[in-house]
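Residue numbers for the sequence shown follow the UniProt record's numbering, beginning at 1 and rising by one. Built from N, CA and C at the ideal position, the CB exists for glycine as well. These numbers come from a predicted model, not from an experiment. Notes follow once the structure below has been shown.
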Amino acid sequence: MSLYRRAENNTIPAPVILPPGDFGGNDGQWTTFTINLGNDNENTAGQDFRVMISTSSPYILIPDRAEWCTVPTQQECAKARGVQLFRSSQSLGYDSTASSHWQQYGTYDVPLEAFPLIDWSPDPKFNASWGFENVGLGPSSPTTPILEKQLMAQVHSKDFFMGIFGLSQTSINPGNGGVDPFFVQFNNNNKNTPSKSYSYTAGAHYRNDSKGGVQGSVILGGRDVSRFTENGVSMGLPNNQTLLVGVQDITYTPDKQVTSNAFSMMNGSTGFYAVVDSTLPYFYLPGPICNEFKDKFQLDYDEKANMYWVSDSAHDQNKKNNATVSIRIGEKPGSQQFTSIRLPYDAFDLTAGFPLNGYNNNTGRKFFPMKQAPKGVFILGRTFLQEAYLTVDYERGNFSIAPALFSDPMPSSHVVPILSTSAPSSSPSSSSTPIGSGGGGGGLSPGAVAGIVVGIVIAFLLGALVAFLFWKKKHKKAVEENKPPAFDTVVAGDQIKPRRVSELDSEPPGSPEYYARRNDQKDVVPFPPLDETHEMDSPPVELWSPPITSSLSGHTENERDYFGAAAGPRRRGATRESSGKNTPGIPENLGPHELPAGDDVVAPVVWQSEDARSPDISPIHSRGPSDATAQTGIDTVVSRPDADGIARRPSQHIRGPSDAPTESTAVSEPTAEDREAWAQDSGPRRPLSG
Numbered sequence: 001m002s003l004y005r006r007a008e009n010n011t012i013p014a015p016v017i018l019p020p021g022d023f024g025g026n027d028g029q030w031t032t033f034t035i036n037l038g039n040d041n042e043n044t045a046g047q048d049f050r051v052m053i054s055t056s057s058p059y060i061l062i063p064d065r066a067e068w069c070t071v072p073t074q075q076e077c078a079k080a081r082g083v084q085l086f087r088s089s090q091s092l093g094y095d096s097t098a099s100s101h102w103q104q105y106g107t108y109d110v111p112l113e114a115f116p117l118i119d120w121s122p123d124p125k126f127n128a129s130w131g132f133e134n135v136g137l138g139p140s141s142p143t144t145p146i147l148e149k150q151l152m153a154q155v156h157s158k159d160f161f162m163g164i165f166g167l168s169q170t171s172i173n174p175g176n177g178g179v180d181p182f183f184v185q186f187n188n189n190n191k192n193t194p195s196k197s198y199s200y201t202a203g204a205h206y207r208n209d210s211k212g213g214v215q216g217s218v219i220l221g222g223r224d225v226s227r228f229t230e231n232g233v234s235m236g237l238p239n240n241q242t243l244l245v246g247v248q249d250i251t252y253t254p255d256k257q258v259t260s261n262a263f264s265m266m267n268g269s270t271g272f273y274a275v276v277d278s279t280l281p282y283f284y285l286p287g288p289i290c291n292e293f294k295d296k297f298q299l300d301y302d303e304k305a306n307m308y309w310v311s312d313s314a315h316d317q318n319k320k321n322n323a324t325v326s327i328r329i330g331e332k333p334g335s336q337q338f339t340s341i342r343l344p345y346d347a348f349d350l351t352a353g354f355p356l357n358g359y360n361n362n363t364g365r366k367f368f369p370m371k372q373a374p375k376g377v378f379i380l381g382r383t384f385l386q387e388a389y390l391t392v393d394y395e396r397g398n399f400s401i402a403p404a405l406f407s408d409p410m411p412s413s414h415v416v417p418i419l420s421t422s423a424p425s426s427s428p429s430s431s432s433t434p435i436g437s438g439g440g441g442g443g444l445s446p447g448a449v450a451g452i453v454v455g456i457v458i459a460f461l462l463g464a465l466v467a468f469l470f471w472k473k474k475h476k477k478a479v480e481e482n483k484p485p486a487f488d489t490v491v492a493g494d495q496i497k498p499r500r501v502s503e504l505d506s507e508p509p510g511s512p513e514y515y516a517r518r519n520d521q522k523d524v525v526p527f528p529p530l531d532e533t534h535e536m537d538s539p540p541v542e543l544w545s546p547p548i549t550s551s552l553s554g555h556t557e558n559e560r561d562y563f564g565a566a567a568g569p570r571r572r573g574a575t576r577e578s579s580g581k582n583t584p585g586i587p588e589n590l591g592p593h594e595l596p597a598g599d600d601v602v603a604p605v606v607w608q609s610e611d612a613r614s615p616d617i618s619p620i621h622s623r624g625p626s627d628a629t630a631q632t633g634i635d636t637v638v639s640r641p642d643a644d645g646i647a648r649r650p651s652q653h654i655r656g657p658s659d660a661p662t663e664s665t666a667v668s669e670p671t672a673e674d675r676e677a678w679a680q681d682s683g684p685r686r687p688l689s690g
């Protein structure tokens, strides 16, 4: 397993994830993380060590070869302390002689004041060999990110059974002057992480036990939002290093099948401050609260070792009760903002290994990770962080704690960066790291910023599209309202469309009395015209009109047509071929004549009827089918015997003579015989075409 980066070649560096290793430790089963010493990414391979995480210490403490580590063997004991294979064999501890980069700094006491005043035993004070060495994250490999000349210490105390990798930003001062710890330099040098921040959860070996438990997580410069719930709380960092919280309440709740009651473990206390520290697994609590735990979990207290042991019978009863301990914390003991971390009994069910608290005869014995605080400094240890997710942002001076999230299977990792306050897209005015937002504590990641920009652009384009469609619909509606209506065969008779029609001329009557009687109807269209009439175009023709002859002089005034404006009656005929005896032909050897044009000249029509027609009464038309059309069915018989028939109306089409005769226009004078035959013809008159 190797350390890896989430992304490459970004302007903002990606968070660095320490891959978790096996569970280990002599004080329970805890997720370990691998670092290497002495690697140069070129010719020299480093020495690998599995270490624990310390949230309150800045030190890198590595197990040295120890004469006491012989149980069950030196090799097995060294392996249990986290010492890995080196040059294909089990190493017994860090070997400075095998590294070409080691620089001795000196032998100094380990400044235990960097830890929260823990009553260390059996070595309340011990020293270590200090020096500078190349430190890399993850197993030794050519791609391991390393920092040269980092201050570290070799320890052989039983109190530090395994190595420690500190995440505090406090300066290291074992001798003269202070040195920035690895965590600070790793962020400062070439900006290896997005910000001076980290996130951590200890993991839980008892979760998903069929799959070997759920491992812990350490991320430098970011956090994994898939590992915690949204019900977290943010707190400030006193002196920018101590993770101090206000403990508001501790509740003991057995399984509901055992009892439905819940019990407070505060024993009348109104709350207290405690430090969150993962260096050791213990809860350091006030004595009265420890007594409440002792009673509820049936613990045996060892005053000499300040340990709480669990007998087999007590263990069985505790498994049956399946109780949950809920610890409610906030920034202060009385804060309105808080979160609750719930720990099942399995989180407290730990087994001692060699040599726990310096005693060699406690191997395999169950213990409860709790101690009475001897100096009034209360601690929520590594056990607490099995069920809690911690995020620390040194640049903004705050940290947050949220309940850890567990599922089977666990969700895919979703790491987001915590941006620096100096980053262009960060939020430097933010006073606290938001909890439960699912984003980085310090701002938006480049991917999130890009996503927001893309979203804005898409929203703008969608808005423009909607506006265009709305305008198009409105414009189309306006065009539809303004354009002429389409042809409708149902209402075609109410529509008029200009057209060119070639038809026979029809002039209105010229009688003044006729118009005097119909002045109120001049504008009335007698028949609704069609919007568009499909008919064969015919070339313009001129009508032939015979001159007034004496053959009509025998008629009296009353026998003449009421269209009497002209000098005498005149019969009109179309210049079409004669198709029958009732259709007059064109006499030969007659010169062309044109009808007079104008509104005041109207050709009279002579009606051969026994009854004289009054000018005020419309004539009755009567005709029979012509001989020619009787066979073709073109003409129809029109017969109106009663006087109530529809009056003939003047044609709407008034036209004068053709502007120019065409080849099909042939006008000639009728012969004398034709005129005489027409005058003496007593048959029904053929009405004019119109």
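As assigned by DSSP and simplified to three states, the class of residue i
| i | result |
| --- | --- |
| glycine 337 | Rather than glycine, the amino acid found at residue 337 in this sequence is glutamine. It is coil, neither helix nor strand. |
| alanine 14 | coil |
| alanine 45 | coil |
| threonine 351 | strand |
| serine 210 | helix |
| residue 694 | The structure shown has nothing for residue 694, since the chain only spans 1 to 690. |
| phenylalanine 468 | helix |
| leucine 385 | helix |
| leucine 237 | coil |
| glutamate 395 | coil |
| asparagine 189 | helix |
| lysine 366 | strand |
| isoleucine 418 | coil |
| glutamate 331 | coil |
| valine 179 | strand |
| serine 618 | With a pLDDT of 48 at serine 618, under the threshold of 50, the predicted position of this residue should be treated as unreliable, and no value is reported. |
| valine 454 | helix |
| phenylalanine 126 | coil |
| glycine 463 | helix |
Own chain, CB closer than 7 Å to residue i, minus 5 neighbours either side, in chain order
| i | result |
| --- | --- |
| glutamine 90 | Gln75, Ala78 and Lys79 |
| histidine 414 | Asp224, Val225 and Ser226 |
| leucine 356 | Asn26, Asp27 and Asn362 |
| serine 311 | Asp300 |
Spatial neighbours of residue i in its chain, beta-carbon cut-off 6 Å, leaving aside the 5 residues before and after
| i | result |
| --- | --- |
| arginine 216 | As written in the sequence, residue 216 is glycine, which differs from the arginine given in the question. Correct list, in chain order: Pro20, Thr31, Thr201, Ala202 and Gly203. |
| tyrosine 206 | Asp346 |
| tyrosine 308 | Leu299, Tyr301, Phe368 and Met370 |
| alanine 352 | Asn362, Arg365 and Phe367 |
| serine 199 | Ile219, Arg223 and Thr391 |
| lysine 149 | Phe132 |
| arginine 65 | Leu92 and Gly93 |
Cβ-Cβ separation, residue j to residue i (assumed contact under 8 Å), whole Å
| i | j | result |
| --- | --- | --- |
| isoleucine 418 | arginine 227 | Between arginine 227 and isoleucine 418 the Cβ distance is about 14 Å, and since that is not below 8 Å, they are no contact. |
| glycine 82 | glycine 24 | 6 Å |
| aspartate 48 | proline 139 | 5 Å |
| alanine 323 | proline 254 | 5 Å |
Sub-7 Å separation of residue i and residue j beta-carbons
| i | j | result |
| --- | --- | --- |
| serine 278 | threonine 55 | yes |
| methionine 152 | phenylalanine 283 | no |
| leucine 18 | leucine 137 | yes |
| isoleucine 379 | valine 245 | no |
| glutamate 133 | tryptophan 102 | yes |
| valine 135 | phenylalanine 183 | no |
| tyrosine 389 | glutamine 169 | no |
| glycine 330 | valine 258 | no |
| serine 129 | threonine 97 | no |
| glycine 287 | glutamine 372 | yes |
| glutamine 386 | arginine 328 | no |
| proline 403 | isoleucine 341 | yes |
| phenylalanine 263 | tyrosine 252 | yes |
Close-in-space but distant-in-sequence residues of the same chain around residue i (CB under 8 Å, 5 per side omitted)
| i | result |
| --- | --- |
| phenylalanine 160 | Leu61 and Pro63 |
| asparagine 187 | Thr193, Ser195, Lys196, Leu220 and Gly221 |
| asparagine 173 | Pro111 and Val179 |
| glycine 381 | Asp277, Ser278, Thr279, Leu280, Pro281, Tyr282, Phe283, Tyr284 and Pro369 |
C-beta neighbour in chain D for residue i, strict 7 Å
| i | result |
| --- | --- |
| leucine 385 | The chain labelled as chain D is not found in the depicted structure, where only one protein chain is given. |
ask   = Could you give the uninterrupted runs of the beta strand (DSSP E) lying entirely in the segment 245-327, keeping only those of 3 residues or more?
value = DSSP runs (the beta strand (DSSP E)) wholly in the segment 245-327: 272-276, 283-285, 300-302 and 307-309.
Length at least 3, wholly inside the segment 49-117: the beta strand (DSSP E) runs in chain order = Taking only runs of at least 3 residues, the beta strand (DSSP E) segments lying wholly in the segment 49-117 are 60-63 and 103-109.
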